[in-house]
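Below: one structure, written as structure tokens.
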Ligand code: ASP
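Residue numbers (the numbering used here): 18 to 354.
Structure below.
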């Protein structure tokens with residue numbers, strides 16, 4: 018995601034329509050209608066980031082590529098669930114291809130810091146056990162989502178950062194790459210053009226398995242031109258990711274500092290658990306109420322224990338999709354389609 022302050026500097030470039038995805042400026046927020054949308058049912062929901070997705074700069078080919086990538090992720094997660102696999106495995110299966118896709122701001126294709134390197138953040142949470150794992154600022158592990166899961170399953174910790182996190186991932190046998198592997202020409206150009214891209218494209222997933230367990234995961238390169246060492250909401254349990262059996266799973270995308278300060282992901286669950294709100298209401302109040310009133314921009318995807326989907330966002334667009342137990346896929350980018 019673009020830091021809005023930087024986005025303002027890149028306005029002329031945006032107007033030139035050079036970029037397919039516009040900066041995520043707070044002033045560009047377009048709240049969804051006050052009435053709650055119907056909650057579709059699904060077993061898995063993904064997002065590919067939220068922001069000002071400029072329709073005029075989106076070619077039909079690029080739009081199709083995004084839709085195909087989201088559908089591919091949904092089908093990869095669904096394949097795990099339909100064989101009776103665990104929600105956590107489905108989340109990982111859905112996020113791996115998105116980390117490898119240059120379209121999204123995660124893994125290969127992640128945005129660059131102001132120092133022209135990629136520093137990646139990721140987290141997972143397992144609603145069945147309440148366990149969570151995360152990595153922040155990793156530079157060499159090819160799949161940060163796997164590293165986050167390894168922290169959850171093979172360490173006593175929740176969050177490992179920087180060199181220590183990469184070293185832990187290497188010791189776990191996870192594939193290491195040069196930092197250049199994450200960097201694409203498109204991201205380098207975006208950084209050079211304005212030291213602020215328009216990249217959202219963080220990816221996240223929530224899954225509900227046949228046993229009723231929920232799991233969630235989020236993985237990102239963070240915000241373009243971020244300060245070296247900056248950690249966003251994506252690896253912060255309760256801010257960017259939450260999963261709690263019997264309640265809901267949430268994965269967030271947007272201007273991370275606001276999501277951390279608002280504990281956005283766990284607030285959705287708290288509204289349901291302590292306030293008795295249904296998912297759609299809890300998600301709507303958290304994004305269109307709390308987040309918007311604080312000046313934050315972004316959105317979430319969420320699933321409740323009955324497989325109801327909520328995907329509110331206060332930006333013009335958010336890449337998102339869900340898949341039913343029967344394999345029926347829905348993919349949306351803007352509010353209307
Ligand atoms: N939330 C991410 C961060 O602040 C960025 C994004 O979702 O695009 O690091």
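From the three backbone atoms N, C-alpha and C, an ideal C-beta is built for every residue, glycine too.
Since this is a predicted model, take the numbers as computed values, not measurements.
- A direct Cα-to-Cα measurement between residue 124 and residue 319 gives close to 22 Å.
- Taking the CA atoms as reference points, residue 117 sits about 9 Å from residue 199.
- Per the C-alpha coordinates, the member of 75, 56, 86, 138 positioned closest to residue 243 is 138.
- With contact defined as three or more Cβ pairs closer than 8 Å, the segment 152-172 and the segment 264-275 are not in contact.
- Look at residue 142: its beta carbon is at least 6 Å from all of the heavy atoms in ligand 1.
- Contact annotation: residue 128 and residue 165 have beta-carbon atoms that are not nearer than 7 Å.
- Excluding residues up to 5 positions away in sequence, 86, 89, 90, 93 lie with their Cβ nearer than 8 Å to the Cβ of residue 114 in the same chain.
- Residue 251 sits buried, since 16 or more C-beta atoms from the chains shown fall within 10 Å of its C-beta.
- The DSSP assignment places complete alpha helix (DSSP H) segments of no fewer than 4 residues inside the segment 225-290 at 273-278, in order along the chain.
- For residue 351, the pairing in a beta bridge is given by DSSP as 334.
- Under the three-state reduction of DSSP output, residue 304 falls in the helix class.
- Assigned with DSSP and collapsed to three states, residue 75 falls in coil, not helix or strand.
- With a cut-off of 6 Å, the C-beta of residue 270 is classified as near ligand 1, since at least one heavy atom of the ligand falls inside that distance.
- For residue 239, the distance from the CB to the nearest heavy atom of ligand 1 is below 6 Å.
- Here the segment 336-346 makes no contact with the segment 280-300; the two share fewer than three CB pairs at distances below 8 Å.
- For residue 98, the CB contacts under 6 Å within the same chain, skipping 5 residues up- and downstream, are 60, 107, 226 in chain order.
- When the beta-carbon positions are compared, residue 233 and residue 260 come within less than 7 Å of each other.
- Using a 10 angstroms sphere on the CB of residue 323, the tally of other CB atoms stays under 16, which defines it as exposed.
- Assignment of residue 177 by DSSP, reduced to helix, strand and coil, places it in the strand class.
- Apart from the 5 residues on each side of it in sequence, residue 303 sits with its Cβ closer than 7 Å to the Cβ of 281, 284, 285, 288 in its chain, given in chain order.
- Of 264, 310, 263, 297, the smallest CA-CA separation from residue 278 is found for 310.
- In this chain, the beta strand (DSSP E) harbouring residue 64 covers 61-68.
- If you look at residue 317, you'll find it in the beta strand (DSSP E) that goes 315-321.
- At least one heavy atom of ligand 1 is found less than 6 Å from the C-beta of residue 250.
- In the three-state scheme derived from DSSP, where H, G and I count as helix and E and B as strand, residue 81 is classed as helix.
- Distances between the C-beta of residue 316 and the heavy atoms of ligand 1 are all 6 Å or more.
- DSSP places residue 143 in the uninterrupted beta strand (DSSP E) bounded by 137-143.
- Its chain contains 227 as the residues whose beta carbon lies nearer than 7 Å to that of residue 101, once the 5 sequence neighbours on both sides are disregarded; these appear in chain order.
- DSSP places residue 340 in the strand class (E or B) of the three-state scheme.
- Residue burial annotation: residue 147 is exposed, with fewer than 16 other C-beta atoms found within 10 angstroms of its C-beta.
- Relative to ligand 1, the beta carbon of residue 334 is positioned no closer than 6 Å to any heavy atom.
- As the crow flies, the alpha-carbon of residue 305 is around 7 Å from that of residue 330.
- Note on geometry: alpha-carbon atoms of residue 348 and residue 267 lie some 18 Å from one another.
- With a threshold of 6 Å, the Cβ atom of residue 73 does not count as near ligand 1, since no heavy atom of the ligand is closer than that.
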